[in-house]
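Trainee: Below: one structure in structure tokens.
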Amino acid sequence: MNYSLSLTINQRELIEEMYLAYQLEAKIKNVVFRALKDDVTITLYTNNNLFLEGPYKNELKRIKERLGLRDFSAIGSDEVGTGDLFGPIVVCSTFVPKEMIETLEDLGVKDSKTMTDKKIIELAPKITKLIQHSVLILKPEKYNAMTRKGYNMNKIKAFLHNQAILLTTEKVEEDVPVILDQFCEPRIYYDYLKDENKIYDKISFYTKAESVHIAVAAASIIARYAFLAKMQQFSRTIGFKLAFGAGEIVDKQLMRIYRNKGYDALRPIAKLNFKNIKKNNIVPHL
């Protein structure tokens, strides 16, 4: 049985202090601390990820208590696709009641960035059957229209999170905390939304929010799953598998599409304000 959790630097230091008496020699790449207690191996990595291996339930309970991470019902929201030239932006908001936390932990729910796409495809359908959730998919054409109106990426994210959170709160009868990974100052977040008719304004912003509540991790998995499905659809449309990110491989694919199919073929599948577009001199055909 394995479990992982993203920590802050302060939280990492607390874990090191907590297990100092059980410390093992850690001569493994990217490992900063390792301990063994009650058949559970506790490993801390340079990226501040905590990894528990073995019958971890009792240790996880102790760790949560030490870090002040209480189990409580909450709504969490996360986004996927903001760093990918190809594909949509997907935002998911989930409601995880307190009594569902252990079930999700047993399934292996954690931040999607630490999981393989294969695992996400396996896990997401199970999660969606267990919890209330709302998914918004912003297709590239709509994204491009919004950027032409002056929206930057953070304003788009704020707009989508606000809508997703409102949708989920409508499905939940109780008043629960709403947790969001902080991508800008709260004041700026709400300023982005000043022209919206309805704003959810009781959000708790955290860095590494997935370590605060499993609702954020569940949202990240569902969002990634929806993103992968759209990428598969776009790949079929264009005739080959589109790459993630905005690196060299994406540049090559971008030029291949532009040369063979023209600028208009990019409109429905690509975010046209990315630096890759200007760098590769991609412009609409006259």
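Under my numbering, read the sequence shown as residues 1 to 286, first letter to last.
Even for Gly, the Cβ is constructed at its ideal location relative to N, Cα and C.
Taking the DSSP output, what are the residues bridged to LYS37?
Mentor: Partner(s): VAL40.
Trainee: Just the Cα atoms here: how many angstroms apart are GLU65 and PHE205?
Mentor: Spanning the two alpha carbons is a distance of roughly 21 Å.
Trainee: Can you name, in chain order, every residue of its own chain whose Cβ lies under 7 Å from the Cβ of LYS261, other than the five neighbours on each side?
Mentor: Nothing listed; no residue qualifies.
Trainee: Tell me the DSSP secondary structure of LEU266 in three-state form.
Mentor: DSSP places LEU266 in coil when its eight states are reduced to three.
Trainee: So what's THR94 in DSSP terms, helix, strand or just coil?
Mentor: It is a strand residue.
Trainee: Taking only three categories from DSSP, how would you classify SER73?
Mentor: Coil at SER73, not helix or strand.
Trainee: For the region 30-48 against the region 175-191, do three or more pairs of beta-carbon atoms, one drawn from each stretch, fall closer than 8 Å, so that the two count as touching?
Mentor: No, because fewer than three Cβ pairs between the region 30-48 and the region 175-191 fall closer than 8 Å, the two stretches do not touch.
Trainee: With GLU53 as the anchor, note down where its beta strand (DSSP E) starts and where it stops.
Mentor: Run containing GLU53: 49-53, per the beta strand (DSSP E) assignment.
Trainee: Can you pull the DSSP bridge partners for PHE205?
Mentor: In the DSSP output, where bridge partners are listed per residue, PHE205 has LEU180.
Trainee: Can you list, in chain order, the residues of its chain with a C-beta nearer than 7 Å to that of PHE183? Leave out the 5 residues immediately preceding and following it.
Mentor: Taken in chain order, the residues that qualify are ASN154, LYS157.
Trainee: Could I get the ranges of all uninterrupted alpha helix (DSSP H) runs contained in the region 77-149, with 4 residues as the minimum, in chain order?
Mentor: The qualifying runs are 101-107, 117-130, 140-148.
Trainee: Span of the alpha helix (DSSP H) holding SER220?
Mentor: Its alpha helix (DSSP H) spans residues 214-238.
Trainee: Go through its chain and collect everything with a Cβ distance to ASP201's Cβ below 7 Å, but skip five positions before and after it.
Mentor: Here the set comprises TYR190.
Trainee: Could you check where the beta strand (DSSP E) with ASN2 kicks off and where it finishes?
Mentor: 2-6 is the span of the beta strand (DSSP E), which, as asked, contains ASN2.
Trainee: Is the region 17-30 touching the region 42-54, taking contact as three or more C-beta pairs under 8 Å?
Mentor: Yes: at least three Cβ pairs fall under 8 Å.
Trainee: Comparing C-alpha positions only, which one of ALA217, TYR3, ASN49, TYR225 sits nearest to PRO125?
Mentor: Among ALA217, TYR3, ASN49, TYR225, the Cα nearest to that of PRO125 belongs to TYR225.
Trainee: Tell me which residues share the same chain as ASP117 and place their Cβ nearer than 8 Å to its Cβ, disregarding the 5 neighbours each side in the sequence.
Mentor: Cβ within range, chain order: ARG224, LEU228.
Trainee: State the beta-bridge partners of VAL31 as determined by DSSP.
Mentor: Its beta-bridge partners are TYR45.
Trainee: Can you list, in chain order, the residues of its chain with a C-beta nearer than 8 Å to that of ARG70? Leave out the 5 residues immediately preceding and following it.
Mentor: LYS64, listed in sequence order.
Trainee: Under 7 Å between the Cβ atoms of ASN152 and LEU193?
Mentor: Against a cut-off of 7 Å, the Cβ pair of LEU193 and ASN152 comes out as no contact.
Trainee: Suppose the cutoff is 8 Å on Cβ atoms and the five residues either side in sequence are ignored; what does the same chain contact list for PRO268 look like?
Mentor: Hits under 8 Å: LYS139, PRO140, GLU141, PHE234, THR237.
Trainee: Closest by CA to LEU60, which one among LYS208, VAL80, GLU13, GLU102?
Mentor: For LEU60, the nearest C-alpha among the options comes from GLU102.
Trainee: Where do the ends of the alpha helix (DSSP H) carrying VAL250 lie?
Mentor: Unbroken alpha helix (DSSP H) run through VAL250: 248-261.
Trainee: The alpha helix (DSSP H) spanning ILE199 covers which residue range?
Mentor: From DSSP, ILE199 is part of no alpha helix (DSSP H); its letter is neither H nor E.
Trainee: Measure the alpha-carbon distance for LEU107 versus LEU123 and round it to whole angstroms.
Mentor: One C-alpha to the other measures close to 8 Å.
Trainee: The alpha helix (DSSP H) with ASP191 in it runs from where to where?
Mentor: Element bounds for ASP191: 186-192.
Trainee: How would you write the range of the alpha helix (DSSP H) that LYS271 sits in, first residue to last?
Mentor: LYS271 -> no alpha helix (DSSP H), and no H or E assigned at all.
Trainee: For ILE15, report the span of its alpha helix (DSSP H) as first-last.
Mentor: Looking at the DSSP string, the run of the alpha helix (DSSP H) that includes ILE15 is 9-18.
Trainee: Excluding sequence positions up to five away, which residues of its chain have a Cβ less than 8 Å from the Cβ of VAL283?
Mentor: TYR263.
Trainee: Would you decide whether GLU210 is buried or exposed? Buried here means 16 or more other CB atoms lie within 10 Å of its CB.
Mentor: Buried, by the Cβ-count rule.
Trainee: Go ahead and label PRO88 buried or exposed: buried means 16 or more other beta carbons lie within 10 angstroms of its beta carbon, across all protein chains shown.
Mentor: So PRO88 ends up on the buried side.
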